[in-house]
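Protein chains: 2
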Amino acid sequence: MKLKELAEQLGLSQTTVSRALNGYPEVNKATRERVSRAAAQFGYSANVNARRLAIGRVGAIGILMPNDRSERFGPHTSEFFSGLAERLSQDEMDLLMSPVTNNDEISAYRRLISSKRVDAIIVTGPTLMDERVTMLIEEKFPFVLHGRTNIEAPHAWLDIDNAGAFRQAASHLLDLGHKHIAMIDGLRGHTFSEHRELGYREALQGRGVPVDPRFIVHERFSDEIGFREAQRLLSYSPHPTAIIAGSMMTALGVFRAIRSKGYELGKEVSIIAHDDVFPYLNASNMVPSMTTTRSSIRSAGTRIAEMLVRVLDGEPVEDIHEVWPVELILRQSSGPPVSPGER
Amino acid sequence: MKLKELAEQLGLSQTTVSRALNGYPEVNKATRERVSRAAAQFGYSANVNARRLAIGRVGAIGILMPNDRSERFGPHTSEFFSGLAERLSQDEMDLLMSPVTNNDEISAYRRLISSKRVDAIIVTGPTLMDERVTMLIEEKFPFVLHGRTNIEAPHAWLDIDNAGAFRQAASHLLDLGHKHIAMIDGLRGHTFSEHRELGYREALQGRGVPVDPRFIVHERFSDEIGFREAQRLLSYSPHPTAIIAGSMMTALGVFRAIRSKGYELGKEVSIIAHDDVFPYLNASNMVPSMTTTRSSIRSAGTRIAEMLVRVLDGEPVEDIHEVWPVELILRQSSGPPVSPGER
DNA sequence: GCACAAATTCAAAGCGCTTTGAACTTTAGT
DNA sequence: ACTAAAGTTCAAAGCGCTTTGAATTTGTGC
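Just so you know, the protein sequences line up as chains A and B, in that order.
Per the UniProt record's numbering, the very first residue in the first sequence carries number 1; after that it's consecutive.
Per the UniProt record's numbering, the very first residue in the second sequence carries number 1; after that it's consecutive.
Structure representation (structure tokens):
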């Protein structure tokens with residue numbers, strides 16, 4: 001059933017029917033109801049392409065999937081997407097996933113824009129001077145950034161307080177009496193990773209604890225790397241008595257490394273991990289339960305979708321940015337340092 | 001730049017330019033090249049909505065995200081999507097993710113269809129008599145199923161040999177001398193879960209080993225449940241000396257439970273897990289490395305996208321289905337049973 | 001050179017919706 | 001009762017592309 005047929009059925013013009021359905025004010029209340037009822041009855045629903053062609057909006061948001069197996073497409077992705085899609089569907093917006101080909105991100109973004117298949121783009125995992133962001137600002141193409149950059153030009157973004165997360169984690173460990181604290185986080189260059197290191201350094205320096213550069217690791221997030229790096233860290237003398245992990249996957253590897261060295265978790269070696277909140281990986285149910293810095297990536301997705309709508313509605317982008325605080329949830333994997341003899 | 005302008009620039013009609021760009025045969029070779037060059041030069045690219053409106057195809061594939069945190073949207077999702085999107089982008093097809101609202105799957109599918117926003121749908125995680133499948137067949141709406149059902153009516157699907165996977169795993173454990181083998185898999189009702197149990201039973205019964213119903217667990221996939229259920233299993237007497245886990249997440253929990261009971265992995269208690277192959281969770285790097293039944297869910301995504309294209313091209317759906325074999329990769333987490341005294 | 005077929009190109013009619021600008025009704029004010 | 005204003009409805013013109021059916025150009029055989 002198309003608009004024309006529905007209009008004929010009702011003895012009305014297409015104009016009126018269209019307006020009734022789209023909630024325009026100049027339609028008589030009785031007429032509107034009659035139209036709605038008929039639409040429901042005949043199962044009418046506007047052809048999206050025709051509507052979008054007429055309206056000049058694509059009705060889709062783009063997100064590029066890096067094909068280099070980078071951190072930007074890990075296990076948190078599905079959670080983030082869930083959050084996004086949940087909100088976008090309220091406005092009948094689609095989420096278009098487009099893969100990056102040939103490892104050329106910038107030109108993939110360019111292609112996505114010029115193909116006119118999306119109204120806006122979501123950019124994730126930025127570096128401090130992310131060139132995708134620079135490019136999108138230059139092209140004046142609407143986007144929201146999940147994360148932050150040092151780029152001055154106004155743009156919309158949502159980030160969590162990564163520095164605060166690691167600062168809190170490190171401070172807590174210092175409070176417990178740890179003197180040798182290591183961190184294993186994501187790749188250098190990424191804002192979140194740099195900010196976390198900053199927070200970590202602030203905490204240590206604030207207490208006059210020297211920063212040992214060997215104790216700062218930047219690598220991809222995976223259990224394997226968590227394991228390997230933690231093993232290395234624990235082989236130093238003195239070795240760290242606490243490790244802060246940038247992701248749950250990394251933390252799993254660190255858990256294993258600590259155990260395989262024969263140390264007791266939360267005693268001889270403590271661990272705090274950053275948790276994006278996954279339904280299938282529960283920090284509180286680990287053994288020992290894991291102290292985490294927590295921030296729901298799902299909620300971030302929902303919120304970013306909301307910001308996107310605001311951007312598309314023309315709200316000035318300089319007004320659209322947020323930093324979310326991160327909670328430190330104390331559990332059993334962090335405790336005062338215990339030397340092996342003492343237990 | 002729009003088609004009309006490009007045509008004017010070239011001194012050609014829209015018809016010819018359109019045809020040149022879309023590879024129709026009735027265009028002079030020289031003309032076609034001239035057009036292509038001009039298009040590249042001006043950065044012309046057809047308006048997707050106009051094109052789709054004219055052509056009558058939406059150019060998007062739909063996938064519904066259950067909002068009940070079910071197994072259908074776990075950590076494997078991003079891998080599956082990657083695979084899908086990679087192939088779909090070759091045909092300029094978008095992937096549309098739509099959330100299920102109000103927990104009413106069927107009506108969510110109905111809405112997606114009647115909204116005419118997708119040309120076809122991908123259905124995942126089916127039950128044996130999945131009503132979504134029945135409905136889509138009835139509505140004659142194109143779809144490909146990731147998984148299998150017992151529904152007779154022809155439809156396109158791709159599944160892995162789940163029965164074979166668990167049969168192999170169980171047989172291997174029996175070969176090693178295990179007599180008490182448990183399995184922790186996904187929720188009952190789901191085809192993959194039922195098939196796996198079938199394979200498991202076949203292996204045991206083939207050797208005349210009795211099946212203990214307490215040793216068959218069907219639950220959601222998560223580390224937490226893996227841990228809890230494995231603990232329960234290990235508290236029986238006699239307890240299982242080997243556990244087959246349906247997912248890597250579950251396996252992580254099982255690992256912990258085995259350790260927390262003080263058993264040595266691969267010795268007193270063995271474990272084999274099914275691995276969908278995640279870049280961030282590597283079975284071969286665990287300690288001990290994990291024996292797995294392996295099948296790349298990413299490749300499955302790519303293949304399903306391919307099948308989808310065939311369905312849309314009108315190939316008869318009864319010809320479109322595949323069962324993929326699953327490899328058993330032997331590693332250290334499975335070994336002959338050792339009673340605690342012996343080690 | 002000519003007739004006819006083959007190869008190219010074109011003008012115009014959709015695809016199904018939104019929206020402009022005009023027309024028609026009803027209401028309100030005097 | 002008459003007019004201006006407000007409230008409703010409508011016809012028709014796009015939105016930018018594909019495709020039909022016709023027109024034009026080029027090529028072939030004699």
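All C-beta atoms, glycine included, are put in the ideal place defined by N, C-alpha and C.
Beta bridge counterpart(s) of residue i as assigned by DSSP
i: E327/A; result: R294/A
i: I55/B; result: Per DSSP, none; premise fails for I55/B.
i: D94/A; result: A60/A
i: V311/A; result: In the DSSP output, where bridge partners are listed per residue, V311/A has none listed.
i: I137/B; result: None; I137/B has no bridge partner.
i: L281/B; result: F278/B
i: T302/B; result: Bridge partners of T302/B: none, in fact.
i: residue 355/B; result: No information on residue 355/B is available, as it lies outside the stretch 1 to 343 that chain B covers here.
i: V217/B; result: I184/B
i: M270/A; result: Note that residue 270/A corresponds to Ser in the displayed sequence, not to Met. Answer by DSSP bridge pairing, in chain order: A242/A.
i: L265/B; result: V269/B
i: T127/A; result: H190/A
Beta carbon of residue i nearer than 8 Å to that of residue j
i: F166/B; j: I244/B; result: yes
i: R214/B; j: S82/B; result: no
i: V58/A; j: R117/A; result: yes
i: A283/B; j: I258/B; result: no
i: A153/B; j: L174/B; result: no
i: S296/A; j: P75/B; result: no
i: M97/B; j: I63/B; result: yes
i: A242/B; j: R196/B; result: no
i: L176/A; j: N150/A; result: no
i: K261/B; j: V338/B; result: no
i: A46/B; j: D94/A; result: no
i: S115/A; j: V48/B; result: yes
i: I304/A; j: L136/A; result: no
i: R87/B; j: V287/A; result: no
i: F221/A; j: Y109/B; result: no
i: F192/A; j: G226/A; result: no
i: P99/A; j: D119/A; result: no
i: V269/B; j: Y263/B; result: yes
i: residue 351/B; j: A273/B; result: Examination of residue 351/B is not possible in this model, given that chain B is present from 1 through 343 alone.
i: P325/A; j: D161/A; result: yes
i: L330/B; j: T293/B; result: no
i: H155/B; j: H239/B; result: no
i: I113/A; j: E131/A; result: no
Chain A contact residues for residue i, given Cβ-Cβ distances below 7 Å
i: L252/B; result: L252
i: A300/B; result: Those do not exist, as A300/B stays about 16 Å from chain A at its closest Cβ, beyond 7 Å.
i: residue 392/B; result: In this structure chain B extends from 1 to 343, so residue 392/B is not present and cannot be described.
i: R52/B; result: N49
i: G43/B; result: S114
i: F215/B; result: Correct list: empty, because the minimum Cβ distance to chain A is about 22 Å.
Chain-ordered neighbours of residue i on chain B, where CB pairs are closer than 9 Å
i: P279/A; result: R69, F73, G74, R220, S222
Per-residue contacts from residue i into chain A (C-beta, under 8 Å)
i: R117/B; result: V48, D94
i: R256/B; result: M286, V287
i: M249/B; result: Y280, L281
i: S260/B; result: V287
Where residue i meets chain B, residues with beta-carbon distance less than 8 Å
i: M129/A; result: None at all; the shortest Cβ gap to chain B is about 26 Å.
Residue i CB to nearest heavy atom of the ligand FAD below 7 Å
i: L64/A; result: Ligands in the displayed structure: none, and consequently the ligand FAD is not present.
Original post:
If contact means a Cβ-Cβ distance below 7 Å, which residues of the stretch 81-110 of chain A contact chain B?
Top reply: F81, S82, A85, E86, S89, D94, L95, L96, M97, S98, P99
Original post:
Residues in the stretch 56-68 of chain B with C-beta within 8 Å of chain A's C-beta atoms, listed in sequence order?
Top reply: V58, A60, M65, N67
Subject >> Any beta strand (DSSP E) of 3 or more consecutive residues that is wholly inside the stretch 147-212 of chain B >> reply: 156-160, 181-185
**OP:** Check distances from the C-beta atoms of the stretch 11-45 of chain A to those of chain B and list, in chain order, the residues that come in under 8 Å.
**Re:** G43, S45
Original post:
Using Cβ-Cβ distances below 7 Å, what residues of the stretch 225-245 of chain A are close to chain B?
Top reply: F227
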